[in-house]
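Numbering (UniProt numbering), first residue to last: 1 to 166.
Note that the Cβ used here is the ideal one computed from N, Cα and C, for glycine as well.
A quick note: this is a predicted structure, and the numbers were derived from the prediction, not measured.
See below for the structure under consideration.
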């Protein structure tokens, strides 16, 4: 959302034939948001023609990427939304596609939150010596929740037979 808003603002500046200095300052401001910027861009090293070419490339949107866990902070994202002249809440007004009416509340567009995957060894560790068995297959119940054991499939039986286990 912010990337498209920044692109729209650059496009408007180009259409209004803004001074190249204002365009250069705006793009420089967009590239300098945040402390964790990996690739600092100094547009003072660019010629006016190069800045105009860059602005033309960015008018459809500014490419922005950030790592998932060690990426942009909320403050940096809000700064980019402000540069794109978008609400810092990240919510926009949507319209019903059939009727054309506004929805009564603004809607968050994009990823609202991330879920932490719970893949810790302590949570997965499970062992059993004896326990309940299935009445049908006479094998241990499956899964940690049922205090189950490891079930034997056809290939496991073949492996035991190959080693001579009875």
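When secondary structure is reduced to three states using DSSP, residue 138 falls in the coil class, being assigned neither helix nor strand.
Taking the Cα positions, residue 25 is about 16 Å away from residue 8. Counted as a single uninterrupted DSSP element, the alpha helix (DSSP H) harbouring residue 123 occupies residues 121–124. When DSSP assignments are scanned along the region 56–111, the uninterrupted stretches of alpha helix (DSSP H) that are 4 or more residues long and fall wholly within it turn out to be 74–83. In the three-state scheme derived from DSSP, where H, G and I count as helix and E and B as strand, residue 31 is classed as helix. Between residue 81 and residue 73, the gap from beta carbon to beta carbon reaches 9 Å or more. In the DSSP annotation of this structure, the continuous segment of the alpha helix (DSSP H) that includes residue 162 starts and ends at 154–162.
Non-local beta-carbon contacts of residue 85 in its own chain, meaning distances under 7 Å to residues more than five positions away in sequence, involve 5 and 9 in chain order. Here residue 107 is not near residue 130, since their CB atoms are 9 Å or more apart. For residue 29, the closest alpha carbon among the candidates 15, 44, 17 and 16 is that of 44.
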